[in-house]
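Visitor: Numbering (the numbering used here), first residue to last: 2 to 378.
Below is the structure I would like to discuss, written out as structure tokens.
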């Protein structure tokens, strides 16, 4: 019986084959970067031989990598300020079925397995034109959400005013008078916000724009304080099965002073033009198309200030991986460029680019050897 050829040994740290290990190429210990980094990595990028996040993992001490998958069915995001319990009352969301008979039954069928808090009240904006209890004026009362900088409360109509400005993307905006909170149903996504939690349900191909939330007291709290994001995702149990299950994909805490390294239109700033101290970078790791999809399918990212890199530099990737246009850099190149732009030009940053370049050279050499072997066969 023929023996099965043994697999190539791999380094457990850099995930490269032993003969191409990157670990020994680092000239210094991991950098103690004062601006910490979270990389949201597309699930298909981890094993790519040219993925540059492995260099960032080796080179930075204060760095975390969070795997992210595409939304192929439905997903739910829960966003909550991380504050002491005494800072505001525990509130409950309008519009969700919590499995105990409470709730107004408006939880979407596609996410019926995902339970949230019960209903004690709120203000609801819905696309159902047949509701008889619609009102023109909404009244907020009860729980107050404190804006820690200036003491603003969960004031009357603040969410409704912002919703009304964006109602062009709704089929119809109708309001239900409840006690505390807002719910809005858009095409392919649904948003509910109380004094203590923002919940977003999305379907596949949804591109929610929730940037308007930043103009509300709740949004101001998120912008100035630490907050937690939990993603619940629906997936197939097996590729050929119609049976689905819900699972928690990630649960991460976003610290104060966080910014997203991604060009986001008018809300994007050059690193040198940021009007506040950036203490944490969120970075999307994937091909340009994958990164765009991650951006749209993680709507909470729009709550962060965006940093754009105005670079005319050609990526080191250019010879071995498609670059949509000049200035589209690899993940490690983008991080190094952003840190320098933010005034964190630490000694050793360029050494990380040297390691990345050596990885590119390895790949080119392996590719040439492969074609040479084919020519000789």
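The beta-carbon is built from N, C-alpha and C at its ideal position, and this holds for glycine as well.
Only a predicted model underlies this, so the values are computations on that prediction, with no experimental measurement involved.
What does a CB cutoff of less than 6 Å around residue 343 pick up in its chain, not counting 5 residues either side in sequence?
Guide: The residue you call residue 343 lines up with position 342 of the chain shown. Around residue 343: 272 and 279.
Visitor: Can you list, in chain order, the residues of its chain with a C-beta nearer than 7 Å to that of residue 15? Leave out the 5 residues immediately preceding and following it.
Guide: Position 14 of the chain shown, counted from the start, is the residue given in the question as residue 15. 22, 23, 24, 55 and 59, listed in sequence order.
Visitor: With distances taken from CA atoms, which of 270, 277 and 265 is nearest residue 292?
Guide: In the chain shown, residue 292 corresponds to position 291, counting from 1. Residue 265 is the option with its Cα nearest to residue 292.
Visitor: Going by C-alpha to C-alpha distance, which of 317, 288, 330 and 40 sits closest to residue 63?
Guide: The residue you call residue 63 lines up with position 62 of the chain shown. For the residues 317, 288, 330 and 40, the minimum Cα distance to residue 63 belongs to 40.
Visitor: Out of 188, 262, 27 and 209, point me to the one whose CA is closest to residue 388's CA.
Guide: Because the chain in this structure spans residues 2 to 378, residue 388 falls outside the shown range and cannot be described.
Visitor: Below 8 Å on the Cβ atoms is my guess for residue 70 versus residue 204; work out the distance and round it to an integer in Å.
Guide: Numbered from its first residue, the chain shown carries residue 70 at position 69. Numbered from its first residue, the chain shown carries residue 204 at position 203. Their Cβ separation, rounded to whole angstroms, is 15 Å, which puts residue 70 and residue 204 out of contact at 8 Å.
Visitor: Within 10 angstroms of its Cβ, does residue 237 collect 16 or more other Cβ (buried), or is it exposed?
Guide: Here residue 237 corresponds to residue number 236 of the chain shown, with the count starting at 1. Exposed, because fewer than 16 other Cβ atoms sit within 10 Å of the Cβ of residue 237.
Visitor: Assess, as a yes-or-no matter, whether the region 31-39 is touched by the region 281-291 under the definition of 3 or more beta carbon pairs within less than 8 Å.
Guide: Flag = yes, the region 281-291 and the region 31-39 touch.
Visitor: Can you tell me which of the three DSSP states residue 442 falls into?
Guide: Outside the shown range of the chain (2 to 378) lies residue 442, about which nothing can therefore be said.
Visitor: Look up residue 194 in the DSSP assignment and say whether it is helix, strand or coil.
Guide: Within the chain shown, numbered from 1, the residue matching residue 194 stands at position 193. If DSSP states are grouped into helix, strand and coil, residue 194 belongs with the strands.
Visitor: Reducing DSSP to helix, strand and coil, say where residue 19 ends up.
Guide: As a first step, residue 19 must be located in the chain shown, where it is residue number 18. Three-state DSSP puts residue 19 in a helix.
Visitor: Can you give me the start and stop residues for the alpha helix (DSSP H) that residue 1 sits inside?
Guide: Because the chain in this structure spans residues 2 to 378, residue 1 falls outside the shown range and cannot be described.
Visitor: Would you list the one or two residues that DSSP bridges to residue 11?
Guide: Position 10 of the chain shown, counted from the start, is the residue given in the question as residue 11. In the DSSP output, where bridge partners are listed per residue, residue 11 has 18.
Visitor: List the endpoints of the continuous beta strand (DSSP E) containing residue 184.
Guide: Your numbering for residue 184 matches position 183 in the chain shown. Run containing residue 184: 183-187, per the beta strand (DSSP E) assignment.
Visitor: Taking buried to mean at least 16 other C-beta atoms within 10 Å of its own C-beta, is residue 276 buried or exposed?
Guide: Start at 1 with the first residue of the chain shown, and residue 276 comes out as number 275. With fewer than 16 Cβ atoms within 10 Å of its Cβ, residue 276 is classed as exposed.
Visitor: May I have the straight-line CA-CA distance separating residue 243 from residue 235, to the nearest angstrom?
Guide: The sequence position of residue 243 within the chain shown is 242, counting from 1. The sequence position of residue 235 within the chain shown is 234, counting from 1. Each residue's alpha carbon lies about 12 Å from the other.
Visitor: Near residue 206, what residues of its chain come up, given a Cβ to Cβ distance below 7 Å and the 5 sequence neighbours on each side ignored?
Guide: Sequence index remark: in the chain shown, residue 206 carries index 205 (1-based). If we look at residue 206 and ignore the five residues flanking it on each side, its Cβ neighbours are 189.
Visitor: Under three-state DSSP, which class holds residue 339?
Guide: Start at 1 with the first residue of the chain shown, and residue 339 comes out as number 338. Looking at residue 339 - three-state DSSP - the assignment turns out to be helix.
Visitor: Since residue 18 and residue 47 are thought to touch, with beta carbons under 8 Å apart, how far apart are those beta carbons, to the nearest angstrom?
Guide: Against the chain shown, residue 18 aligns to sequence position 17. Against the chain shown, residue 47 aligns to sequence position 46. That pair is no contact at about 16 Å.
Visitor: Give a yes or no on whether the C-beta atoms belonging to residue 310 and residue 331 are separated by under 8 Å.
Guide: Taking the first residue of the chain shown as position 1, residue 310 is located at position 309. Taking the first residue of the chain shown as position 1, residue 331 is located at position 330. No.
Visitor: With distances taken from CA atoms, which of 20, 351, 302 and 338 is nearest residue 201?
Guide: Position 200 of the chain shown holds residue 201. Checking every option, the nearest Cα to that of residue 201 belongs to 302.
Visitor: Determine whether the beta carbon atoms of residue 354 and residue 336 lie at a separation below 8 Å.
Guide: Taking the first residue of the chain shown as position 1, residue 354 is located at position 353. Taking the first residue of the chain shown as position 1, residue 336 is located at position 335. Taking 8 Å as the Cβ cut-off, residue 354 and residue 336 do not qualify as a contacting pair.
Visitor: Flag this pair as yes or no: are the beta carbons of residue 228 and residue 50 separated by less than 8 Å?
Guide: On the chain shown, residue 228 is found 227 positions in, with the first residue counted as 1. On the chain shown, residue 50 is found 49 positions in, with the first residue counted as 1. Going by C-beta atoms, residue 228 is not nearer than 8 Å to residue 50.
Visitor: Could you have a look at residue 77 and say whether DSSP puts it in helix, strand or coil?
Guide: The residue given as residue 77 occupies position 76 in the chain shown. Three-state DSSP puts residue 77 in a strand.
Visitor: Taking C-alpha atoms, which residue in 340, 219, 209 and 304 lies nearest to residue 194?
Guide: Position 193 of the chain shown, counting from 1, holds the residue named residue 194. When only C-alpha atoms are compared, the closest one is 219.
Visitor: In terms of residue numbering, what span does the alpha helix (DSSP H) encompassing residue 59 cover?
Guide: The residue you call residue 59 lines up with position 58 of the chain shown. 54-60 is the extent of the alpha helix (DSSP H) around residue 59.
Visitor: By DSSP's criteria, residue 270 is part of a beta bridge. Which residues make up the other side?
Guide: Position 269 of the chain shown, counting from 1, holds the residue named residue 270. DSSP output for residue 270 lists 308 as bridge partner(s).
Visitor: I believe residue 308 touches residue 260 by the beta-carbon criterion, under 8 Å. Please report the beta-carbon distance rounded to the nearest angstrom.
Guide: In the chain shown, the residue the question calls residue 308 occupies position 307. In the chain shown, the residue the question calls residue 260 occupies position 259. Confirmed, Cβ separation roughly 5 Å.
Visitor: State the DSSP-derived secondary structure class of residue 379, mapped to helix, strand or coil.
Guide: One cannot answer for residue 379 here, as it falls past the ends of the chain, which runs 2 to 378.
Visitor: Pull up the distance between the alpha-carbon of residue 177 and that of residue 217, whole angstroms please.
Guide: The count along the chain shown starts at 1 and reaches residue 177 at position 176. The count along the chain shown starts at 1 and reaches residue 217 at position 216. Annotation note: pLDDT 41 at residue 177 (below 50); position unreliable, coordinate value reported separately. Approximately 19 Å between the Cα atoms of the pair.
Visitor: If the criterion is Cβ atoms closer than 8 Å, does the pair residue 80 and residue 199 meet it?
Guide: Position 79 of the chain shown, counting from 1, holds the residue named residue 80. Position 198 of the chain shown, counting from 1, holds the residue named residue 199. Yes, the Cβ-Cβ distance between residue 80 and residue 199 is below 8 Å.
Visitor: Who are the Cβ neighbours of residue 9 in its own chain at under 7 Å, not counting the five residues just before and after it?
Guide: Along the chain shown, read from residue 1 onward, the residue named residue 9 stands at position 8. Same-chain partners within the cutoff: 18.
Visitor: Between which residues of its own chain and residue 294 is the CB-CB distance below 7 Å, once the five residues before and five after are set aside?
Guide: On the chain shown, residue 294 is found 293 positions in, with the first residue counted as 1. Cβ neighbours of residue 294 beyond the five flanking positions: 71.
Visitor: Indicate whether residue 233 and residue 304 have their beta-carbon atoms separated by less than 8 Å.
Guide: Within the chain shown, residue 233 is the residue found at index 232, counting from 1. Within the chain shown, residue 304 is the residue found at index 303, counting from 1. No, Cβ-Cβ distance for residue 233 and residue 304 is not below 8 Å.
Visitor: Within 10 Å of its beta-carbon, does residue 185 have 16 or more other beta-carbons around it, so buried, or fewer, so exposed?
Guide: Taking the first residue of the chain shown as position 1, residue 185 is located at position 184. Counting Cβ neighbours within 10 Å, residue 185 comes out buried, since at least 16 surround it.
Visitor: Rounded to the nearest angstrom, what separates residue 289 and residue 345 at their Cα positions?
Guide: Numbered from 1 along the chain shown, position 288 holds the residue referred to as residue 289. Numbered from 1 along the chain shown, position 344 holds the residue referred to as residue 345. Their backbone Cα atoms lie some 26 Å apart in a straight line.
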